[in-house]
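Below: one structure, written as structure tokens.
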Amino acid sequence: MERESMDFDVVIVGAGPAGLSAACQLALLSRQQQTPLSICVVEKGPEVGAHILSGAVFETTALDELFPNWRELDAPVTTPVTHDELVYLTTDHNHIRIPPLLTPLAMRNSDQNYVISLGKLCRWLAQQAETLGVSIFPGFPAKEVCFDDNGAVTGIITVDMGLDKNGEAKETFQAGIQLNAKQTIFAEGARGHLGKRLISHFTLDKESQPQHYALGIKEVWKLPDNDERYQPGLVLHSTGWPLNDSYTSGGGFLYHQDDNLIAVGLITDLNYRNPYLSPFEEFQRLKHHPCFAKFLRGAERICYGARALAKGGLLSLPKQQFAGGLLIGCDAGTLNAAKIKGCHTAMKSGMLAAQAAFTAIKSGNSEADYHALFVDSWLYKELDLNRNFPGAIHKYGALAGGALSLFEQNVWHRISGGALSLDIEDHHSDATELHDLSRSTPLIYPKADGVLSFDKPSSVYLSATFHEENQPCHLLLTDPELPINEHIPLYDEPSQRYCPAGVYEVIEVDGLRKLQINATNCLHCKACDIKDPSQNINWVPPEGGGPNYSVM
Numbered sequence: 001m002e003r004e005s006m007d008f009d010v011v012i013v014g015a016g017p018a019g020l021s022a023a024c025q026l027a028l029l030s031r032q033q034q035t036p037l038s039i040c041v042v043e044k045g046p047e048v049g050a051h052i053l054s055g056a057v058f059e060t061t062a063l064d065e066l067f068p069n070w071r072e073l074d075a076p077v078t079t080p081v082t083h084d085e086l087v088y089l090t091t092d093h094n095h096i097r098i099p100p101l102l103t104p105l106a107m108r109n110s111d112q113n114y115v116i117s118l119g120k121l122c123r124w125l126a127q128q129a130e131t132l133g134v135s136i137f138p139g140f141p142a143k144e145v146c147f148d149d150n151g152a153v154t155g156i157i158t159v160d161m162g163l164d165k166n167g168e169a170k171e172t173f174q175a176g177i178q179l180n181a182k183q184t185i186f187a188e189g190a191r192g193h194l195g196k197r198l199i200s201h202f203t204l205d206k207e208s209q210p211q212h213y214a215l216g217i218k219e220v221w222k223l224p225d226n227d228e229r230y231q232p233g234l235v236l237h238s239t240g241w242p243l244n245d246s247y248t249s250g251g252g253f254l255y256h257q258d259d260n261l262i263a264v265g266l267i268t269d270l271n272y273r274n275p276y277l278s279p280f281e282e283f284q285r286l287k288h289h290p291c292f293a294k295f296l297r298g299a300e301r302i303c304y305g306a307r308a309l310a311k312g313g314l315l316s317l318p319k320q321q322f323a324g325g326l327l328i329g330c331d332a333g334t335l336n337a338a339k340i341k342g343c344h345t346a347m348k349s350g351m352l353a354a355q356a357a358f359t360a361i362k363s364g365n366s367e368a369d370y371h372a373l374f375v376d377s378w379l380y381k382e383l384d385l386n387r388n389f390p391g392a393i394h395k396y397g398a399l400a401g402g403a404l405s406l407f408e409q410n411v412w413h414r415i416s417g418g419a420l421s422l423d424i425e426d427h428h429s430d431a432t433e434l435h436d437l438s439r440s441t442p443l444i445y446p447k448a449d450g451v452l453s454f455d456k457p458s459s460v461y462l463s464a465t466f467h468e469e470n471q472p473c474h475l476l477l478t479d480p481e482l483p484i485n486e487h488i489p490l491y492d493e494p495s496q497r498y499c500p501a502g503v504y505e506v507i508e509v510d511g512l513r514k515l516q517i518n519a520t521n522c523l524h525c526k527a528c529d530i531k532d533p534s535q536n537i538n539w540v541p542p543e544g545g546g547p548n549y550s551v552m
């Protein structure tokens with residue numbers, strides 16, 4: 001197939017905090033050292049920020065370095081944390097407030113942190129990048145990685161547009177564009193489909209434990225004007241109920257943003273074992289707890305979304321450099337799970353990648369030396385200090401693992417200046433942790449009340465998700481018969497429950513059951529690609545569309 005091609009010095013895949021920070025840092029280095037660079041960012045969302053979802057409590061460490069004058073540049077970082085609270089939910093109506101003395105240091109927030117919309121911050125970063133001369137192309141998902149004869153990455157190819165459900169060209173067909181680059185930086189977010197291929201192709205994870213993930217489900221609610229419950233900068237985190245069995249971990253959050261907005265959500269670790277569990281339904285239950293309900297009753301739910309996050313930390317981090325390219329941010333897994341923060345770490349990862357790529361291009365090297373910069377940075381030190389948190393929670397549960405983390409952070413760090421000398425690892429991938437039905441207790445969830453809890457269709461509607469109906473399905477089954485023949489008897493087909501958008505349904509056609517895939521509902525959260533127990537589902541980018549978040 002003949003394709004249009006374009007040449008750049010650097011192509012960046014993904015306009016999230018990592019990719020945009022890399023673009024800005026490259027452009028700044030280009031100006032400072034008077035070395036002109038052509039820089040391109042491709043983004044699968046219809047506009048920058050449309051597919052961005054995070055809590056988010058934001059630490060400004062990386063932003064301070066990238067744009068020291070960010071306040072004068074009107075960055076949408078305006079609501080400092082005013083009150084920080086951690087609660088343990090003992091039941092569906094009781095809780096214990098955790099005093100600061102018993103709160104892990106990494107989880108404490110001060111007025112140096114801010115409650116933000118990450119989507120708004122990414123749109124602002126994109127504006128800075130374009131002002132610096134970066135070309136940004138939203139609505140162009142990257143589909144394939146290009147290699148030269150020596151095996152080095154040479155760029156990417158974007159998705160072919162205008163194919164029908166059978167893969168045949170429609171009248172609107174346009175072949176994807178080949179974007180060639182001296183360095184290609186992959187910043188797709190957690191479980192990036194190209195990042196997954198690159199990790200396998202270059203065996204980047206041969207020295208690390210499996211990556212671990214969680215599914216974050218989030219809503220934004222708007223309180224009435226002059227509502228006395230509104231406390232801008234209030235940060236509430238919860239642990240315990242409803243994810244309080246010994247095999248399920250995670251926690252809730254509720255943040256008071258600007259403009260009378262409240263962000264509320266639940267993070268469910270995807271190593272859970274009960275196939276009957278539904279993260280979506282657990283989130284609906286959470287909102288009925290008095291700690292959350294008191295802020296939501298009488299407010300209007302205006303947005304819904306979901307996204308996987310990579311939470312394995314330093315011990316799950318793959319090698320991030322290879323010939324011709326770099327893997328950064330949540331595409332690699334730089335989130336600090338102990339802090340429940342990944343925005344500042346993703347940004348710093350992008351800035352280090354920019355420095356490494358710039359040096360490689362100037363010297364004519366194919367492989368950028370990111371690793372040397374990484375191990376000498378505060379990013380590495382921060383991840384190393386908290387490297388045991390994910391494993392402690394996975395191996396010992398929320399209470400015992402939390403107690404171990406409390407000791408390590410609040411006592412051992414102060415005594416030794418570092419983490420425990422041992423590594424607490426978890427070598428079981430999330431997909432292999434699911435128990436079969438014979439070892440599991442059925443879970444019966446209450447019907448949505450339409451006040452605090454809702455169903456999936458009405459929730460997906462609030463995500464403004466749209467996909468062209470007549471295009472190839474972007475959720476590929478390696479074995480189409482496996483869900484019915486194996487997953488039904490073993491797990492009652494868990495995709496019906498772990499998907500937060502109702503994409504997967506078991507239906508009956510002519511007396512036979514089949515798995516129906518409602519791909520137009522897809523939120524691009526990647527939970528199916530991660531949690532499927534047979535790794536039978538492969539998420540690839542559609543020709544466009546997906547959620548269209550505004551304030552996430």
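In the UniProt record's numbering, the protein residues as written are 1 to 552. A virtual CB, placed ideally from N, CA and C, is assigned to each residue, including glycine.
Candidates 153, 159, 147, of which the one nearest residue 138 by Cα: 159
Runs of beta strand (DSSP E) lying entirely within the segment 84–136, each at least 3 residues, in chain order: 95–98, 113–115
Runs of beta strand (DSSP E) wholly within the segment 257–331 (minimum 3 residues, chain order): Within the segment 257–331, the complete beta strand (DSSP E) runs of at least 3 residues are 261–269, 300–310, 325–327.
Chain-order list of residues whose beta-carbon lies under 7 Å from that of residue 311 (same chain, five-residue window excluded): 212, 213, 214, 335, 337, 390
Close beta carbons around residue 147, own chain, < 7 Å, minus the five adjacent residues each side: 153, 154
Residue 375 - DSSP class collapsed to helix/strand/coil: helix
The segment 251–266 / the segment 100–111 touching (three or more Cβ pairs under 8 Å): Verdict: no, contact absent.
Touch test, the segment 355–371 against the segment 70–79, Cβ-Cβ under 8 Å, three pairs minimum: With a cut-off of 8 Å, the segment 70–79 and the segment 355–371 do not count as touching, because too few Cβ pairs lie within range.
Exposed unless 16 or more other CB atoms sit within 10 angstroms - verdict on residue 112: exposed
Beta-carbon proximity of residue 523 to residue 501, cut-off 8 Å: yes
Residue 15 and residue 181 closer than 8 Å at C-beta: no
Beta-carbon proximity of residue 272 to residue 440, cut-off 8 Å: no
CB contact flag (residue 349, residue 379, <8 Å): The answer is yes: Cβ separation under 8 Å.
Coil, strand or helix - residue 209 by DSSP: coil
Given residue 53 as reference, the closest of 100, 307, 136 once Cα atoms are compared: 307
Span of the alpha helix (DSSP H) around residue 347: 343–363
Identity of the residue in 372, 69, 352, 426 nearest residue 394 by Cα: 426
Spatially closest choice to residue 561 from 245, 145, 223, by CA coordinates: Within the shown structure, residues of the chain are numbered from 1 to 552, placing residue 561 beyond reach of any answer.
Coarse secondary structure for residue 497, derived from DSSP in three states: helix
Cut-off 6 Å between Cβ atoms - residues of its own chain near residue 459, not counting five sequence neighbours on either side: 304
Where residue 457 sits in the DSSP three-state scheme: Residue 457 sits in a helix when the DSSP states are folded into three classes.
CB-CB length for residue 8 against residue 132, believed under 8 Å: Wrong, their Cβ atoms sit about 15 Å apart, outside the cutoff.
DSSP three-state assignment for residue 177, whether helix, strand or coil: coil
Buried versus exposed, by CB contacts within 10 Å (16 or more), residue 461: exposed
Uninterrupted alpha helix (DSSP H) stretches inside the segment 177–251 (no shorter than 4 residues): The segment 177–251 is shown to contain whole alpha helix (DSSP H) runs of 4 or more residues at 193–201, in chain order.
Terminal residues of the alpha helix (DSSP H) in which residue 401 lies: 389–407
Own chain residues within Cβ distance below 8 Å of residue 100, not counting five before or after: 108
Segments of 3+ residues assigned as beta strand (DSSP E) that fall wholly inside the segment 475–540: Secondary structure remark: continuous beta strand (DSSP E) runs of at least 3 residues inside the segment 475–540, in chain order: 475–477, 504–509, 512–517, 537–539.
First and last residue of the uninterrupted alpha helix (DSSP H) at residue 415: Counted as a single uninterrupted DSSP element, the alpha helix (DSSP H) harbouring residue 415 occupies residues 413–416.
Extent of the continuous beta strand (DSSP E) run through residue 155: 153–158
Cβ-Cβ separation, residue 185 to residue 12 (assumed contact under 8 Å), whole Å: 5 Å
Beta-carbon proximity of residue 25 to residue 354, cut-off 8 Å: yes
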